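What follows is a set of notes on a single structure, which appears directly below.
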Amino acid sequence: MNTESTQEAGTAVRHHLQAVLMAVFVTVLWSSSWVIIKFGLTVMPPMVFSGLRYTIASIILMLWIVNNESLRVQVTASKGSRFWAMVVLYGIVFVGVTQGAQYVGLRYLQAVTVSMLLNMTPVVVLVMGAVKLGERPSALQILTVLIAVLGVLVYFYPVEIDFTETLAIVVVVMGVLANAMSSVMGRKINEKRTVSPTVVTGVSMLVGGPLLLLVGLATEGTITLSPYSWTAVLWLAVANTAIAFSIWNRAMQALRAVDIAMINSMMLPQIAVLSVIFLGEWPDVAEWIGLGVLAISVLVLQLSQARKLSSSLTDGTIHKEDIH
């Protein structure tokens, strides 16, 4: 009996470690996307670039879904018009608005600046929950939010940005708000656990990707893509989107909410390091301090929210597969 228990424990540890490594690998892929996007934006306009990426990725995911019986059934089975309307809206907000804003921001701002602003999403989600849902934050969460805001102020002090950069920051902030909204929407969509995250991702990208592309063609015009451009688009679409989301969703099945929070927090420092190495974007001392303060405060906030989710797991109100 003891031998069997030991073997089961060892197997569980290996599975958990594999899931952690898979998730960390995905964060590295997603962090590298920022560098590839910055290079790609030197030869492609942001909306067309992002539209091509997510349109191609959605086609790949939908082909996989169509050829997988268990996933295909989830699409064809009747889930109600309200559910699919929510998925369509999620695609517009998460892919169309959030990703579009990210690409426009990266066109005019440093990668680490855009990443830092998008890392404010958990803070915005907490505030939205308090205002709209009446979810009262704890004293620790309030303190963490104030520290996070302080980190942003330190990063931008003294304020030395031109008009174009100011507009880009406004666009990214709109993306942060959209990202927070999509987080709440995604939670609602996954609430009943009747549809795989892969299906939700594929369908939502099939909505948001073409929308981005159409807006890009209408506002930025048609372009001729070079082999370099196609390489960047296809790598981002296949490896950093379709494959990465598939690996991520699989890893999430074996991870706790606390694990996810810790792993998610790795992206900001990864992007900062990659930006220094490949883009030559060197933050000054104040910016490093601001980044550090923000990263730590967001991590603390995510961990506090993850513990709340974990406690809900034990009473059956929330299930692990809901947390992505």
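In numbering that gives the first Met the number 0, the protein residues as written are 0 to 323.
Backbone N, C-alpha and C define an ideal beta-carbon position, used for all residues, glycine too.
On a predicted model such as this, the values are computed, not experimentally measured, just so you know.
Return the chain-ordered ranges of every alpha helix (DSSP H) run that is complete within the stretch 91-155 and spans a minimum of 4 residues. Here the runs fully enclosed are 99-107, 110-117, 120-131, 138-155.
Cα separation between W83 and M184? The residue labelled residue 83 in the question sits at position 84 within the sequence shown. The residue labelled residue 184 in the question sits at position 185 within the sequence shown. Taking the straight line from one Cα to the other gives about 12 Å.
Would you check whether the ligand FAD has a heavy atom nearer than 7 Å to the C-beta of S32? Among the components modelled here there is no ligand, and therefore nothing to report on the ligand FAD.
In three-state terms, what does DSSP make of G279? On the sequence shown, position 280 is the one that residue 279 refers to. G279: coil per DSSP, three-state reduction.
Taking DSSP as the reference, what is the three-state secondary structure of S69? Sequence index remark: in the sequence shown, residue 69 carries index 70 (1-based). Three-state result, S69: helix.
Residues of its chain near S30, where Cβ-Cβ distance is below 7 Å and the 5 sequence neighbours each way are ignored: The residue given as residue 30 occupies position 31 in the sequence shown. Within the same chain, S30 has close Cβ partners M266, Q269, I270, L273.
6 Å CB neighbourhood of M43 in its chain, flanking five on each side removed: Position 44 of the sequence shown, counted from the first residue, corresponds to residue 43. Excluding residues within five positions, the ones whose Cβ falls inside 6 Å are S228.
Any chance the stretch 291-303 sits against the stretch 48-62, with 3 or more Cβ pairs inside 8 Å? no
Excluding the 5 residues preceding and the 5 following W33 in the sequence, name in chain order all residues of the same chain whose CB lies nearer than 6 Å to its CB. Walking along the sequence shown from the start, residue 33 turns up at place 34. Here the set comprises A110, I270.
Straight-line CA distance for F162 to V169? One-based indexing of the sequence shown puts residue 162 at position 163. One-based indexing of the sequence shown puts residue 169 at position 170. Their backbone Cα atoms lie some 11 Å apart in a straight line.
In whole angstroms, what is the alpha-carbon distance linking E159 and R71? Within the sequence shown, residue 159 is the residue found at index 160, counting from 1. Within the sequence shown, residue 71 is the residue found at index 72, counting from 1. If you take the alpha carbons of E159 and R71, they lie about 52 Å apart.
Would DSSP call D258 helix, strand or coil? Mapped onto the sequence shown, residue 258 falls at position 259. DSSP places D258 in helix when its eight states are reduced to three.
Of all the options G279, L142, E134, which has the alpha carbon lying nearest to the alpha carbon of L293? Mapped onto the sequence shown, residue 293 falls at position 294. Of the listed residues, the one whose Cα sits closest to L293 is L142.
Inspect the CB distances between the stretch 118-129 and the stretch 170-180 and report whether three or more fall short of 8 Å. The stretch 118-129 is in contact with the stretch 170-180.
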